[in-house]
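Numbering (my numbering), first residue to last: 1275 to 1374.
Yeah, the Cβ is synthetic: ideal placement off N, Cα and C, and Gly gets one too.
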């Protein structure tokens, strides 16, 4: 029930882990963009966003689809989560691409 879920929920842990995973995602994206730059001699915000898009498509979309396919998560919820993750990755990619 909803009451049982609220009993075991600690927002500091949930949000803290989410923040930490966001930092790890930015770190991984920075390394991918660095490799991208070395391979194609490309820098700038647009290339950073392009790298972020391909990471989103290759990692986020396909790995989160399992929640829809096997965990009975609603398609609209999955779509909203994808949009959030795409926006976050594009912002990180633009910043990291321009910074490099």
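With the cut-off set at 8 Å, would you say residue i and residue j are in Cβ contact?
i, j, result
"residue 1323", "residue 1368", "yes"
"residue 1325", "residue 1297", "no"
"residue 1349", "residue 1342", "yes"
"residue 1356", "residue 1338", "yes"
Cβ-heavy atom distance between residue i and the ligand FMN below 7 Å?
i, result
"residue 1350", "Looking for the ligand FMN in the displayed structure turns up nothing, as the structure carries no ligands at all."
Answer with buried or exposed for residue i, where buried requires no fewer than 16 other C-beta atoms within 10 angstroms of its C-beta.
i, result
"residue 1354", "exposed"
"residue 1290", "exposed"
"residue 1358", "exposed"
Compute the beta-carbon to beta-carbon distance between residue i and residue j, rounded to the nearest angstrom, for a pair I have assumed lies under 8 Å.
i, j, result
"residue 1295", "residue 1363", "Not really, about 12 Å apart at Cβ, beyond 8 Å."
"residue 1317", "residue 1371", "6 Å"
Apart from the five residues just before and just after residue i, which ones in its own chain have a Cβ nearer than 8 Å to its Cβ?
i, result
"residue 1300", "1366, 1370"
"residue 1335", "1356"
Which residues in the same chain as residue i place their Cβ atom closer than 7 Å to its Cβ, once the five residues preceding and following it in sequence are excluded?
i, result
"residue 1319", "1368, 1371, 1372"
- Query: At which residue ranges does the segment 1297-1326 contain complete beta strand (DSSP E) runs of 3 or more residues, listed in the order of the chain?
  - Reply: The beta strand (DSSP E) runs lying completely inside the segment 1297-1326 and spanning 3 residues or more number zero.
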